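Enquirer: In this note's numbering, each number is its position in the sequence shown, counted from 1, plus 16.
The structure is given below, and queries will be raised subsequently.
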Amino acid sequence: MEHAEILHRCFRCGYCKFPDNYVDLNCPAYLKFRFETYSPGGRMWLLRGLLKGDLQPSARMQEILFSCATCGNCVNHCTMTGFKDLLLEAFTAGKEMLVQAGKLPPPVRDYLTPLLEHGNPFKLPAKKRGAWAAGTAADLYSNQEYLLYIGDVGSYTDRGRAMALSVSELLGRLGVSFGILGAREISDGNDARAMGEKDLFEELARRNLDLFRSAGIQKVITLSPHGFHALKNGYAALGGELQVFHYTQILAKRINKAAFTTPEPPLKVCYHDPCYLGRHNQEYNAARKILFSLPGIQLVEMERHRQNALCCGGGGGNFFTDILGGGADAPARVRVREAAATGAQVLAVACPICANMFEDALKVEGLEDRMHVKDISEVVLERKISS
Ligand code: SF4
Ligand code: SF4
Numbered sequence: 017m018e019h020a021e022i023l024h025r026c027f028r029c030g031y032c033k034f035p036d037n038y039v040d041l042n043c044p045a046y047l048k049f050r051f052e053t054y055s056p057g058g059r060m061w062l063l064r065g066l067l068k069g070d071l072q073p074s075a076r077m078q079e080i081l082f083s084c085a086t087c088g089n090c091v092n093h094c095t096m097t098g099f100k101d102l103l104l105e106a107f108t109a110g111k112e113m114l115v116q117a118g119k120l121p122p123p124v125r126d127y128l129t130p131l132l133e134h135g136n137p138f139k140l141p142a143k144k145r146g147a148w149a150a151g152t153a154a155d156l157y158s159n160q161e162y163l164l165y166i167g168d169v170g171s172y173t174d175r176g177r178a179m180a181l182s183v184s185e186l187l188g189r190l191g192v193s194f195g196i197l198g199a200r201e202i203s204d205g206n207d208a209r210a211m212g213e214k215d216l217f218e219e220l221a222r223r224n225l226d227l228f229r230s231a232g233i234q235k236v237i238t239l240s241p242h243g244f245h246a247l248k249n250g251y252a253a254l255g256g257e258l259q260v261f262h263y264t265q266i267l268a269k270r271i272n273k274a275a276f277t278t279p280e281p282p283l284k285v286c287y288h289d290p291c292y293l294g295r296h297n298q299e300y301n302a303a304r305k306i307l308f309s310l311p312g313i314q315l316v317e318m319e320r321h322r323q324n325a326l327c328c329g330g331g332g333g334n335f336f337t338d339i340l341g342g343g344a345d346a347p348a349r350v351r352v353r354e355a356a357a358t359g360a361q362v363l364a365v366a367c368p369i370c371a372n373m374f375e376d377a378l379k380v381e382g383l384e385d386r387m388h389v390k391d392i393s394e395v396v397l398e399r400k401i402s403s
């Protein structure tokens, strides 16, 4: 294991579990289970025991290692500047060891097998990928300026499809030249990589890069921060030379106060920073700039925001595997309670996984009457854009 030399250097001070202001636990796995082994420091200790042969990769050990939501809070908040940047790589390398040994929790296997066999974890046909675009103005890609890349959750979940529709409609209304791949789109592989399936990630990346090259695609807008991270960083490491943008970055460039001249009723909104846009790629401002441009919007911040945002719990494949599970301490439920405490009527999101996770959590928490989950593009489209 490449990162073995950092494991013994963690002295389990525990700062990695918290945000800057220490208001609550901020490692979603530790927040949920409250056992040291689920914390970043505990994971280091487990991996050390595994490498030394003192511990066996039991079912319990597998579940703990795969419960990491890859949120990056530990990387941001570890006090050890000498190795903090390698923490997540070490945790992923630990999962790679288990994948190579065939020691996987059943829900992880249930994610990876259909991804390998069907090209998506939902076991649905590729022709359904572009179904959301039927009857809309979104055309198939043919030399437009951008590819709009939707991804698995945007293509195959109801909430994701609604988000794809709204982002696509807004891009069209703002005059952005884009096309989609529809049935030809291939999974970005980000969650496979986070689950330690490096070979599958690299195969998907190469297939995507070949497809993009053959179609002449150089600029990509992604719906999901997970796809954004894979295409921008993971594919670049494999020779990809794409210009990759999250859709909020494109909207932030095109939307300003001048685009809205009609007064709108007041609406209190808080914004949840998705981990793969914020902590993983330091993009904290695009969504906020859009919200600041909109008439009637009062942006309020949750106690934990920007680099301190609590993950929705869906990263690292947990959206699919649900290893973090439910209950009052499930990260998504804690997060919607935090959002509701701001008094906001809208919890704005910029990720189809967050949207799914928080809508479910609002229902379970009984907060649906007080607050709605809306994608940034949906908040914009509810306002009158001047022509
Ligand atoms: S902050 Fe860093 S050194 Fe301290 S327990 Fe966490 S990973 Fe270990
Ligand atoms: S990446 Fe997030 S979930 Fe994983 S150990 Fe670090 S803080 Fe916890």
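No residue lacks a Cβ here, since even glycine has one placed at the ideal position from N, Cα and C.
Please read all numbers here as calculations on a predicted model, not as lab measurements.
Could you give the distance in angstroms between the alpha-carbon of F335 and the alpha-carbon of D215?
Expert: Residue mapping note: residue 335 aligns to position 319 of the sequence shown, counting from 1. Residue mapping note: residue 215 aligns to position 199 of the sequence shown, counting from 1. The straight-line gap from Cα to Cα measures roughly 21 Å.
Enquirer: With a threshold of 6 Å on Cβ separation, who are the neighbours of W148 within its own chain once the five nearest residues in sequence on each side are excluded?
Expert: Along the sequence shown, read from residue 1 onward, the residue named residue 148 stands at position 132. Cβ within range, chain order: R177, A180 and L181.
Enquirer: Give me the DSSP bridge partner(s) of C32.
Expert: Walking along the sequence shown from the start, residue 32 turns up at place 16. In the DSSP output, where bridge partners are listed per residue, C32 has none listed.
Enquirer: Of all the beta strand (DSSP E) runs that stay within the bounds of the stretch 331-384, which reach a length of 3 or more residues?
Expert: Qualifying beta strand (DSSP E) stretches, in chain order: 362-365.
Enquirer: Taking 8 Å as the cut-off, is the C-beta of R295 nearer than that to any heavy atom in ligand 1?
Expert: On the sequence shown, position 279 is the one that residue 295 refers to. Not under cutoff, so the answer is no.
Enquirer: For P122, would you say it is in contact with chain C, using Cβ-to-Cβ distances shorter than 9 Å as the test?
Expert: Note that chain C does not occur in the displayed structure, where there is just one protein chain.
Enquirer: Given the structure, does Y38 come close to ligand 1, in the sense that its CB is under 8 Å from one of the ligand's heavy atoms?
Expert: For the purposes of this step, residue 38 is taken as residue 22 along the sequence shown, with counting starting at 1. No, ligand 1 has no heavy atom inside 8 Å of this Cβ.
Enquirer: At what residues does the beta strand (DSSP E) containing H262 begin and finish?
Expert: One-based indexing of the sequence shown puts residue 262 at position 246. From DSSP, the beta strand (DSSP E) with H262 extends over Q259 to H262.
Enquirer: For a minimum of 3 consecutive residues, which ranges assigned as the beta strand (DSSP E) are wholly contained in the stretch 178-246?
Expert: Runs of the beta strand (DSSP E) inside the stretch 178-246: 235-238.
Enquirer: For D40, does the three-state DSSP call read helix, strand or coil?
Expert: The residue labelled residue 40 in the question sits at position 24 within the sequence shown. Looking at D40 - three-state DSSP - the assignment turns out to be coil, as it is neither helix nor strand.
Enquirer: From T53 to Y172, what distance separates their C-alpha atoms?
Expert: Along the sequence shown, read from residue 1 onward, the residue named residue 53 stands at position 37. Along the sequence shown, read from residue 1 onward, the residue named residue 172 stands at position 156. One C-alpha to the other measures close to 34 Å.
Enquirer: How about A208 and G333: are their beta carbons less than 9 Å apart?
Expert: In the sequence shown, residue 208 corresponds to position 192, counting from 1. In the sequence shown, residue 333 corresponds to position 317, counting from 1. It is a contact, given that the beta carbons lie within the stated cut-off.
Enquirer: On the premise that V362 lies in contact with L383, defined as a C-beta separation below 8 Å, what is that separation, rounded to the nearest angstrom?
Expert: Translated into the one-based positions of the sequence shown, residue 383 becomes position 367. Translated into the one-based positions of the sequence shown, residue 362 becomes position 346. With 8 Å as the limit, L383 and V362 do not qualify as a contact, their Cβ atoms being about 12 Å apart.
Enquirer: What would DSSP say about C90, mapped onto helix, strand or coil?
Expert: The residue you call residue 90 lines up with position 74 of the sequence shown. Three-state result, C90: helix.
Enquirer: Cα separation between A117 and L66?
Expert: Residue mapping note: residue 117 aligns to position 101 of the sequence shown, counting from 1. Residue mapping note: residue 66 aligns to position 50 of the sequence shown, counting from 1. Approximately 12 Å, taken between the alpha carbons.
Enquirer: Under 9 Å, do L189 and F276 count as touching if we go by C-beta distance?
Expert: Indexing the sequence shown from 1 puts residue 189 at position 173. Indexing the sequence shown from 1 puts residue 276 at position 260. The sequence shown places Arg at residue 189, not Leu. No, the Cβ-Cβ distance between R189 and F276 is not below 9 Å.
Enquirer: Give a single yes or no on whether C26 has its beta carbon closer than 8 Å to a heavy atom of ligand 2.
Expert: Residue mapping note: residue 26 aligns to position 10 of the sequence shown, counting from 1. Not under cutoff, so the answer is no.
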